[in-house]
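Residue numbers (the UniProt record's numbering): 1 to 285.
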């Protein structure tokens with residue numbers, strides 16, 4: 001087989017080095033006041049605020065109007081990355097309609113996404129400048145250590161806790177080149193995970209405590225009214241298995257009653273005995 005010429009190799013390298021085309025998605029925006037629909041293209045780096053800027057440019061009559069973008073009944077904050085959200089929603093819809101075996105060709109033929117744009121009243125100059133801040137304050141909930149403000153912590157306390165947390169964080173994200181918004185998003189996500197680890201640990205603890213009390217109570221009732229029969233199920237049967245060296249297989253534990261249930265049964269058995277002795281002493285001459 002003849003080798004490729006230098007010219008062909010150069011063309012091959014040029015083809016291989018071509019960057020991948022950025023991901024784009026057609027987006028149709030429907031307005032609430034009878035304004036004609038607008039079709040735009042959304043890139044993978046476009047935020048909701050970028051789409052609002054495109055809307056005001058394409059529809060000059062909306063330049064000073066308050067805009068709210070709605071997708072699947074949810075109001076979208078300005079800081080939302082639109083392309084991943086639309087792609088995720090379309091993927092879920094595609095799986096529900098076509099099933100998990102849908103092909104890529106079927107996905108590519110999917111219709112463009114839709115957004116509803118709620119057109120509000122006209123804004124003043126001050127409202128136009130502060131629109132992003134106001135919407136973020138109204139729609140975006142407190143995240144990370146900012147949630148501690150609801151517990152009575154001051155801004156200085158929250159700033160001190162945040163500084164200590166990120167100073168002792170095991171991640172090396174502080175040494176990476178982050179954009180301002182990406183850095184803030186990553187930092188808030190770490191804080192959320194740290195706080196949720198405590199919230200997630202306390203709920204199962206209370207549920208486990210409630211389950212333990214219920215199991216012991218059931219054991220007490222069972223041991224009090226049926227004091228003898230449950231005792232036969234305490235001993236775990238040994239399986240008839242042996243290793244090559246002749247040792248027995250480890251017992252797997254009781255298959256009928258758990259350890260807590262056994263404790264409750266024993267306690268109920270003792271209460272039954274005490275109740276019998278007390279009744280005997282009362283009725284004896």
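Where a beta carbon is used, it is the ideal one built from N, C-alpha and C, also for glycine.
On a predicted model such as this, the values are computed, not experimentally measured, just so you know.
Rounded Cβ spacing between residue i and residue j (contact assumed at less than 8 Å)
{"i": "residue 27", "j": "residue 81", "result": "Their Cβ separation, rounded to whole angstroms, is 13 Å, which puts residue 27 and residue 81 out of contact at 8 Å."}
{"i": "residue 49", "j": "residue 121", "result": "That pair is no contact at about 19 Å."}
{"i": "residue 223", "j": "residue 267", "result": "6 Å"}
Closest Cα partner of residue i within the set the options
{"i": "residue 269", "options": "155, 220, 150", "result": "220"}
{"i": "residue 46", "options": "87, 233, 151", "result": "87"}
{"i": "residue 89", "options": "78, 79, 77, 72", "result": "72"}
{"i": "residue 125", "options": "162, 113, 64, 161", "result": "64"}
{"i": "residue 164", "options": "191, 97, 196", "result": "191"}
{"i": "residue 44", "options": "37, 56, 25, 94", "result": "25"}
{"i": "residue 233", "options": "213, 257, 143", "result": "257"}
{"i": "residue 197", "options": "144, 37, 271, 119", "result": "144"}
{"i": "residue 227", "options": "195, 76, 285, 274", "result": "274"}
{"i": "residue 55", "options": "79, 77, 30, 74", "result": "30"}
{"i": "residue 194", "options": "218, 76, 156, 148", "result": "148"}
{"i": "residue 42", "options": "276, 93, 113", "result": "113"}
{"i": "residue 185", "options": "283, 79, 74, 95", "result": "79"}
{"i": "residue 75", "options": "278, 119, 37", "result": "119"}
Sub-8 Å separation of residue i and residue j beta-carbons
{"i": "residue 216", "j": "residue 259", "result": "no"}
{"i": "residue 151", "j": "residue 166", "result": "no"}
{"i": "residue 230", "j": "residue 265", "result": "yes"}
{"i": "residue 146", "j": "residue 161", "result": "no"}
{"i": "residue 69", "j": "residue 51", "result": "yes"}
{"i": "residue 23", "j": "residue 83", "result": "yes"}
{"i": "residue 117", "j": "residue 32", "result": "yes"}
{"i": "residue 35", "j": "residue 59", "result": "yes"}
Paired residues, beta bridge with residue i - DSSP
{"i": "residue 47", "result": "81"}
{"i": "residue 275", "result": "The partner list for residue 275 (beta bridge, DSSP) is empty, contrary to what the question assumes."}
{"i": "residue 70", "result": "75, 116"}
{"i": "residue 93", "result": "Residue 93 pairs with nothing; no bridge assigned."}
{"i": "residue 122", "result": "65"}
{"i": "residue 257", "result": "BP columns for residue 257 are empty, so no partner."}
{"i": "residue 262", "result": "According to DSSP, which records beta bridges pairwise, residue 262 is partnered with nothing at all."}
{"i": "residue 222", "result": "In DSSP, residue 222 forms no bridge with anything."}
{"i": "residue 41", "result": "26"}
{"i": "residue 232", "result": "In DSSP, residue 232 forms no bridge with anything."}
{"i": "residue 31", "result": "117"}
Heavy atom of the ligand GTP within 7 Å of residue i beta-carbon
{"i": "residue 144", "result": "Among the components modelled here there is no ligand, and therefore nothing to report on the ligand GTP."}
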